[in-house]
Amino acid sequence: MVILEVKNVSYGYSHGTPFEITALNNVSFSVEKGELVGIIGHTGSGKSTLIKMLNSLLKPESGQVLLHGKDINANKASIKEARSKVGLCFQYPEYQLFEETCAKDIAFGPKNMGLSTEEVKERVLKAAEFVGFSKELLNKSPFDLSGGQKRRCAIAGVMAMFPEVLVLDEPTAGLDPIGRFELLRMIENYRKDTGATVMIVSHSMDDIAKTADKILVMNKGTLAMCGSVQEVFSKADTLIEMGLSVPTATSLISRLRAEIPELSPDIFTVEAAAEELSVYFKGRTSK
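Numbering (the numbering used here), first residue to last: 34 to 320.
Spelled out as structure tokens, the structure:
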């Protein structure tokens, strides 16, 4: 079932000046309920402008953004509904923390939704559970936390609104490999537990290959590709021409295939590469 649809959306900046730029040009795609969608593209490709369209922080100059088939920009009521159902978490959200405790910061969104005190409390505890926060951490000032904990607290604040569509801009930026793994696992747990749709903007091809059901590739304000992990990353040459890369495992296997052509070209994660090499070497040992 389609939950979100972008139809022929265009948007530009600085019209009528020497700095005029087309950020989005006739972009169209749809997102199914429960999907995890990766959004990739070089800097300036239109990714940030696109995600701001999804809950009406920016309005298309032409085209529509539909949530459950309804134009989110139709009127004030539809905009308000979109902002409660499409949760947007910007890059480095920890810089937006401001309350005296983590619990109060996480509660900010649900309170603004007009929920009861009891419902707000329940949502804070559930969101804290999603990001692995103990009650002890909830009572701490967010400014006393580590960088990774601050990031999780900020994301919990968006999760506490229980959005039907959770949009995250570079959620793992600046984190070490363990921190990246843990955060992606928490996001996946949120998706499985709530049935929400998740959209992740990322420069990490490895993260996208490991988590996404579908990938949108933005290039110079247009949607250059839209497809499965295999459909997108199998077009490595095209991605490289756009200034992008392919997953580390894909690059490794590609080089190895020059000597071992039996290896599958459809390898996009470290786990898949390890399995493929294990099968190959076991076969050689048995021979």
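Virtual Cβ for every residue (Gly too), placed ideally from N, Cα, C.
Residue interval of the alpha helix (DSSP H) (run including residue i)
i	result
residue 239	238-244
residue 45	Here residue 45 belongs to no alpha helix (DSSP H); instead the beta strand (DSSP E) covers 35-46.
residue 96	That residue, residue 96, is in no alpha helix (DSSP H); its beta strand (DSSP E) goes 95-100.
residue 105	Taken as a continuous stretch (DSSP letters only), residue 105 belongs to no alpha helix (DSSP H), as it is neither H nor E.
residue 170	168-171
residue 207	Counting along the chain, residue 207 falls outside any alpha helix (DSSP H), and DSSP gives it neither H nor E.
residue 192	180-192
Inter-residue CB distance, residue i and residue j (contact presumed, cutoff 8 angstroms)
i	j	result
residue 285	residue 306	6 angstroms
residue 185	residue 166	7 angstroms
residue 74	residue 251	3 angstroms
residue 227	residue 217	Rounded, the Cβ-Cβ distance is 16 angstroms, inconsistent with contact.
residue 138	residue 175	6 angstroms
residue 202	residue 122	7 angstroms
residue 230	residue 36	6 angstroms
Beta-carbon proximity list for residue i, same chain, < 8 angstroms, skipping 5 on both sides
i	result
residue 296	286, 289, 290, 309, 310 and 313
residue 152	143
residue 207	125 and 180
residue 222	163
residue 86	39, 42, 44, 57, 92, 93 and 98
residue 51	none
Sequence-distant residues of the same chain with beta carbon closer than 6 angstroms to residue i, five excluded per side
i	result
residue 94	43 and 44
residue 269	279
residue 71	233, 241, 245 and 248
residue 327	Summary: the structure shown does not reach residue 327, with the chain confined to residues 34 through 320, and so no result is reported for it.
residue 171	135, 136 and 161
residue 40	61, 96 and 97
residue 59	41 and 43
residue 239	280 and 281
Boundaries (first-last residue) of the beta strand (DSSP E) holding residue i
i	result
residue 76	Looking at the DSSP string, residue 76 is not in any beta strand (DSSP E), and its letter there is neither H nor E.
residue 151	Premise fails: residue 151 lies in the alpha helix (DSSP H), 150-163, not in any beta strand (DSSP E).
residue 62	54-65
residue 232	230-234
residue 255	255-260
residue 222	It is not in any beta strand (DSSP E) - residue 222 instead sits in the alpha helix (DSSP H) that spans 210-227.
residue 146	Element bounds for residue 146: n/a, residue is neither H nor E.
residue 121	119-122
residue 247	247-252
residue 87	No beta strand (DSSP E) contains residue 87, which DSSP labels as neither H nor E.
residue 177	Premise fails: residue 177 is in no beta strand (DSSP E) and is neither H nor E.
Burial state of residue i, where buried means 16 or more other Cβ atoms lie within 10 Å
i	result
residue 265	buried
residue 68	buried
residue 187	buried
residue 283	buried
residue 243	buried
residue 235	buried
residue 294	exposed
residue 211	exposed
residue 129	exposed
residue 177	exposed
residue 118	buried
residue 237	buried
residue 27	Nothing in the structure corresponds to residue 27, since the chain is present only between 34 and 320.
residue 147	exposed
residue 131	exposed
Same chain, Cβ closer than 7 angstroms to residue i, neighbours up to 5 away in sequence not counted
i	result
residue 57	42, 43, 44, 79, 82, 83 and 254
residue 54	45, 46 and 47
residue 112	89, 105 and 106
Any non-hydrogen atom of the ligand ATP within 8 angstroms of residue i CB
i	result
residue 192	Inclusion of the ligand ATP in the displayed structure is not the case, the ligand content being empty and no account of it being possible.
Within-9 angstroms CB hit, residue i to chain B
i	result
residue 165	Looking for chain B here will not work: only one protein chain is present.
- request: Kindly provide the ranges of any alpha helix (DSSP H) runs that are 4 or more residues long and lie completely inside the region 268-304, ordered along the chain.
  value: 269-274 and 281-289
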